[in-house]
Ligand SMILES: C[S@@+](CC[C@H](N)C(=O)[O-])C[C@H]1O[C@@H](n2cnc3c(N)ncnc32)[C@H](O)[C@@H]1O
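Numbering (our numbering), first residue to last: 412 to 739.
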């Protein structure tokens, strides 16, 4: 074990180096199939050490990348000031604890709760190489369908979990998260199904009087959900390790993880900002941003070079960024 904390990819390399490549490849193919099917699995997915290792090798880097992007954006808005503790529900191998520690150096403690003993055991092993809050995390085996007595935490994460749970369990899980934390983050794959789960979570949080922090700039009906065939999602780029490439039979050195998410707080924070919903389209002297706005609408904002300050801001904006329109 190293005394200097390693970043997640290096920690994974250190722990996974000795894994048998052929059984990992087979386990990865099984996981890909389960996750592609889209339906909640009938039985525990990370049910043995090889499945947990395959998850850590090929999915954890991607969920970690999405969570880092979400938390960095939230941190830039000041939404994470004062977050010292994390409770990660369905935390698996600990992606959210790593992402929180990577984003918030002030993080002091993390509790990872999951039903898979093998995911928790592997997560704990990888975490030993991490920064203090990760290395010292508490790993708890529990069923998300029967939660009681959760520890209080500043931030509660439910990351890539709702899709694995039957619909009737979503509401009680969100209620438990709201009961335990001051901020709740829900993240799901950036698919129509993932977005639908996030949207239902949004309804529940708003109905409970919680305040939306990101990405939504307002608590009313979601304008993206009202468009046929559209869904609100974002993208995070990550480098693929050699093992990651081998397991997926991939040649590209990177991948783009698409995600949908919602961050909400019990107490009101500073007003939420409009959000850039697509890659900005840049043509000579003109940037078009697809924006979700605080007035409950979503649509294009065309910014031309004549409007110098707005143009500069629009040129720097990226998909998923808050849009602080300097012209308004
Ligand atoms: C796709 S993994 C996500 C892991 C982690 N949150 C991440 O973002 O990488 C889903 C996790 O939910 C856990 N899970 C699913 N159903 C559960 C249940 N009923 N009780 C406890 N954990 C459950 C699984 O064991 C698995 O670790």
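C-beta: ideal position from N, C-alpha, C; glycine also.
Locate the alpha helix (DSSP H) running through residue i, then write down its first and last residues.
i: residue 437; result: 432-448
i: residue 421; result: 419-427
i: residue 647; result: Per DSSP, residue 647 belongs to no alpha helix (DSSP H); it is in the beta strand (DSSP E), 645-650.
i: residue 509; result: 506-514
i: residue 613; result: 603-618
i: residue 461; result: 460-469
Residues in the same chain with beta-carbon distance under 7 Å from residue i, minus the five sequence neighbours each way, listed in chain order, please.
i: residue 444; result: none
i: residue 636; result: 610
What are the boundary residues of the beta strand (DSSP E) that residue i is part of?
i: residue 600; result: 592-600
i: residue 672; result: 665-676
i: residue 706; result: Element bounds for residue 706: n/a, residue is neither H nor E.
i: residue 758; result: In the structure displayed, the chain extends from 412 to 739; residue 758 sits before or after that span and is not available.
Tell me which residues share the same chain as residue i and place their Cβ nearer than 8 Å to its Cβ, disregarding the 5 neighbours each side in the sequence.
i: residue 716; result: 696, 697 and 722
i: residue 455; result: 526 and 527
i: residue 442; result: 456, 462, 465, 466, 469 and 470
i: residue 449; result: 574, 602 and 604
i: residue 728; result: 687, 691, 698, 700 and 734
Could you give the distance in angstroms between the alpha-carbon of residue i and the alpha-carbon of residue j?
i: residue 586; j: residue 609; result: 14 Å
i: residue 352; j: residue 513; result: No statement about residue 352 is possible, as the shown extent of the chain runs from 412 to 739 and does not include it.
i: residue 687; j: residue 429; result: 43 Å
i: residue 732; j: residue 703; result: 11 Å
i: residue 411; j: residue 718; result: The chain is shown from 412 up to 739; residue 411 falls before or after that span and cannot be answered.
i: residue 711; j: residue 612; result: 27 Å
i: residue 667; j: residue 640; result: 21 Å
i: residue 682; j: residue 470; result: 34 Å
i: residue 581; j: residue 500; result: 12 Å
i: residue 591; j: residue 457; result: 26 Å
i: residue 664; j: residue 620; result: 44 Å
i: residue 511; j: residue 497; result: 8 Å
i: residue 661; j: residue 669; result: 17 Å
i: residue 515; j: residue 542; result: 11 Å
i: residue 560; j: residue 652; result: 39 Å
For residue i, which residues of its own chain have a beta-carbon under 6 Å away from its beta-carbon, when the five flanking residues on both sides are left out?
i: residue 642; result: 603 and 606
i: residue 708; result: 634
i: residue 656; result: none
Within 8 Å (strictly less), CB to CB, does residue i reach chain B?
i: residue 415; result: Here chain B cannot be found, since the structure has a single protein chain.
Is the region 673-686 touching the region 590-597, taking contact as three or more C-beta pairs under 8 Å?
-> Judged by Cβ distances under 8 Å, the region 673-686 makes contact with the region 590-597, as three or more pairs qualify.
Determine, using beta-carbon pairs with one atom in the region 646-662 and one in the region 616-631, whether at least three such pairs fall under 8 Å.
-> In short, these stretches do not touch, since the Cβ pair count stays below three.
Would you say the region 539-553 touches the region 568-585, given that touching needs at least three Cβ pairs under 8 Å?
-> By the C-beta criterion, the region 539-553 is judged not to be in contact with the region 568-585, since fewer than 3 inter-stretch pairs fall below 8 Å.
Touch test, the region 456-469 against the region 484-496, Cβ-Cβ under 8 Å, three pairs minimum = No: the two stretches stay apart, fewer than three of their Cβ pairs being nearer than 8 Å.
Segment contact, 8 Å Cβ cut-off, at least three pairs: the region 518-528 with the region 553-568 = Output reads yes: the region 553-568 touches the region 518-528.
Okay, do the region 473-483 and the region 611-618 touch, 3+ Cβ pairs below 8 Å being the bar?
-> No: the two stretches stay apart, fewer than three of their Cβ pairs being nearer than 8 Å.
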